Amino acid sequence: KILNIDATEALKLPGVKGVVTGKDDTLGIKQGIWRRYKELCDEQVLPVDKVRYIGEPVAAVAAVTEEIAEQALDLIDVEYEVLDAVYEPFDAIKKGAPEIHEGIERNLNVTRHIEWGDVDEAFDDADYIREDWFKCGGQHHVCMETRACVSSYTPEKKLTVYASTQAPYYTQGLLAGVLGMREGDVRVISHYTGGGFGGKFELDGAMFCSAVLSMKLCRPVKIIFTREEDMIASKRRTPMFYYVRTGVKKDGTFCARESRVFTNGGAYTGMGATALYLTGFFHSFPYKWRGYRYDGYRVYTNTLPSTSMRGFGAPQAMFCSEQQIDWIAADLGLDPIEMRKKNGHTPGYEVPGQAFIASCGFDQCCDKIQTWIKSRGEMPPNRAIGVSGAGFMSGGIFNWFDTPYSFSSAVVTVNEDGTVECHVGCQDIGQGSNTTMAIICAETLGVKVEDVKVHSGDTDHCPPDLGAWGSRQTLMAGNAVKMAATEVKRQLLEFATAKMGPNIVYDLDIKDRWVHLVSRPEKGLDYTQVVKEALRGKEGQRIMGRGFYTPHRKGMISPAYSYMMQAVDAEIDPETGKINILNCVTAHDCGQPINPIGLIGQLEGAASMALGYGYLEYMPFEDGKLMNPNLVDYKLIRAPEMPECR
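Going from the sequence shown to our numbering is simple: count from 1 and add 7.
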């Protein structure tokens, strides 16, 4: 409990320009991603009366140098009354446990239920039933770039925020709402973000503090977290306790699954409520079940809040599911890949009430991995091959912030010299989406990739987009770019048709900057000349196309899904128990690769993060305090430990 915050001595320090606390009107406001559900907006920018986890910021200082700001922080006197705390979900839900948020009975933040089919009847029909408990820990995003922003407020009452974010338009909307400004008066610029993995979708208190201090001082204010600050004052992957009960026939046919999940939600809601739903949804993937039942419970604790992180609840769900499937296959003496293939999703399958699977190559993925395993032959002692299947969304369609605009949009214009400006709202967070957009635009329009300049991450100059998450960039923004480029191409070909003669009956196309007859590619016009003359014909109006993409009637999660099967070649030291992963082979049903190098980078990056989560990364807490908030003690997979990936 916060009894008093005294910043008197800090403000006396030469070079200190301002101090803010939760008692500043704006910073005591509760904020959160859930514009539709105000009860889930439970996090104040800076706490007013209670600190709910160790690491939660309570004050911010602006000074002329970082060193002076650090000195000033030490001069702020905070008087606390220590309250009882709970750190694990099973302690927090006990009757009589301390209430982390007043009025929330047994600290139950959110519950989720998913069910289809006659679950009990399907279990009765099973020949074999297995039940297990699993525990999945937390994981930090550890982006190369820590949380950072620069806010600049002008006397004209305009605020510009240079932000490390995954979603500039969401950031703009939330900043405007909390600060009491019009969205048009808030400009967010985030041309490139140094990694996100889900952790930079939500806003942290530091960004609001930077903005408020800049508004008070009418000067730019920069905040950059140290690595330790980033690890103790931000959010993490959701720790989960998973109960899984599965019934199958003797031949390996899946009958029913029932699961209960208790997640350590930490001190606040944020994106963690969605992770609770998605982990239940993907716990059924990528298999068919006659009956499925899931109950999820997100529990408040006095620890770091949990949020979205690569996979968004799916890695925990897949780990528990796939591990148990391996055990069931061993118990029944069945081939683990054949059992997965037998029960896998197929094109046209509907996950009842949840999703429609339009395309699916899971069985082909299984075949590829089977072929690779057979090529390895008999394994030596203390060495084995493990397998796992999975499915995930391709283009998340959640609209948490309840925005009225399309999910993705793009504007493509052509300059007089034939070069192309492609403005997109999607954010490049290191996954190479800008390159992918350039490839799509160039191929659609018939120019070279180097002719296309992609502009992203600026709410003043780029069209709206829901952000970089849910594997949505290529599908969502890519379709918007394709639509915009197609409209530009239509205008150019319309002019070229008139230019080549009123009696032309052949279709035209553009390829490699050459406007030509489809049936006679050698006959045509120079692309640049067509552009120049088209501009003159439009009386100087720009040749422009707009694209807007919002999928309809595609289910409530995603318009499409991708599938994979993976195998790892591992050895174990029988004396020390140390595990070495020697080879990692993945078969992905990923559609048509548009940016192959980017695709390979995604696969290798995912393998690295999964290996770290699986057997190296660990977030130990002692009385609510994270014990390894640095990259010496928080172990990541390093280059020498990475297996060969293919």
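Just so it is clear, CB atoms sit at the ideal spot from N, CA and C, and this is done for glycine as well.
Note that the coordinates shown come from a computational prediction; the quantities given were computed from them, not determined experimentally.
In summary, residue 147 is buried, with 16 or more beta-carbon neighbours lying within 10 Å of its beta-carbon over all protein chains present. Separation of residue 233 and residue 160 (C-alpha to C-alpha, rounded to the nearest whole angstrom) is 24 Å. The residue from 75, 602, 560 with its alpha-carbon nearest to that of residue 364 is 560. Annotated as proximal: residue 151 and residue 202, with beta-carbon spacing under 7 Å. Per DSSP, the beta-bridge partners of residue 301 are 121, 266.
Proximity to residue 488 across 251, 464, 556 peaks at 556, based on C-alpha coordinates. Exposure of residue 43 is indicated by the presence of fewer than 16 other C-beta atoms within 10 angstroms of its C-beta.
Residue pairing of residue 170 in beta bridges, as defined by DSSP: 156. In the structure shown, residue 555 falls within a strand segment according to DSSP collapsed to helix, strand and coil. As DSSP reads the structure, residue 23 sits in a beta bridge with 70. The stretch 307-321 and the stretch 55-63 touch, with three or more beta-carbon pairs separated by less than 8 Å. Contact between the stretch 343-361 and the stretch 317-326 is not established, with fewer than three Cβ pairs separated by less than 8 Å. Note on geometry: alpha-carbon atoms of residue 602 and residue 440 lie some 9 Å from one another. Contact between residue 565 and residue 483 is ruled out by a C-beta separation of about 10 Å, above the 8 Å threshold. Under DSSP, residue 652 shares a beta bridge with 591. If you compare the alpha carbons of 135, 212, 216 with that of residue 340, the shortest gap goes to 135. Shown here for residue 398: same chain residues with a beta carbon closer than 6 Å to its own, the five before and five after excluded, namely 292, 293, 568, 570 in chain order.
Using a C-beta cut-off of 8 Å, the stretch 249-256 makes no contact with the stretch 117-124, since fewer than three inter-stretch Cβ pairs fall below that distance. Counting along the chain, residue 506 sits inside the alpha helix (DSSP H) bounded by residues 485-507.
Residue 427 holds the alpha-carbon nearest to the alpha-carbon of residue 419 among 638, 413, 427. A Cβ-Cβ separation of about 5 Å places residue 376 in contact with residue 594 under the 8 Å criterion.
The C-alpha of residue 459 is placed about 11 Å away from the C-alpha of residue 443. For residue 390, the enclosing beta strand (DSSP E) begins and ends at 390-400. Around the beta carbon of residue 352, 16 or more other beta carbons sit within 10 angstroms, so the residue counts as buried. Here the stretch 29-36 does not lie against the stretch 89-106, with fewer than 3 beta-carbon pairs under 8 Å apart.
Counting only runs of 4+ residues, the alpha helix (DSSP H) found wholly inside the stretch 205-242 occupies 212-224, 234-239, in chain order.
Nearest to residue 504 by C-alpha distance, out of 522, 490, 491, is 522. Residue 22 counts as exposed, since fewer than 16 other C-beta atoms from the protein chains shown sit within 10 angstroms of its C-beta. Per the coordinates, the alpha-carbon of residue 183 lies some 48 Å from the alpha-carbon of residue 370. Residue 68 has its alpha-carbon roughly 32 Å from the corresponding atom of residue 642. With fewer than 16 neighbouring CB atoms inside 10 Å of its own CB, residue 10 falls in the exposed class. Rounded to whole angstroms, the Cβ separation of residue 562 and residue 362 is 4 Å, and the two are in contact under 8 Å. Per the coordinates, the alpha-carbon of residue 80 lies some 41 Å from the alpha-carbon of residue 403. For residue 514, no alpha helix (DSSP H) run applies, since DSSP gives it neither H nor E.
DSSP places residue 543 inside the alpha helix (DSSP H), whose first and last residues are 534-544. Looking only at 14, 631, 524, 141, the smallest Cα-Cα distance to residue 84 is reached by 14.
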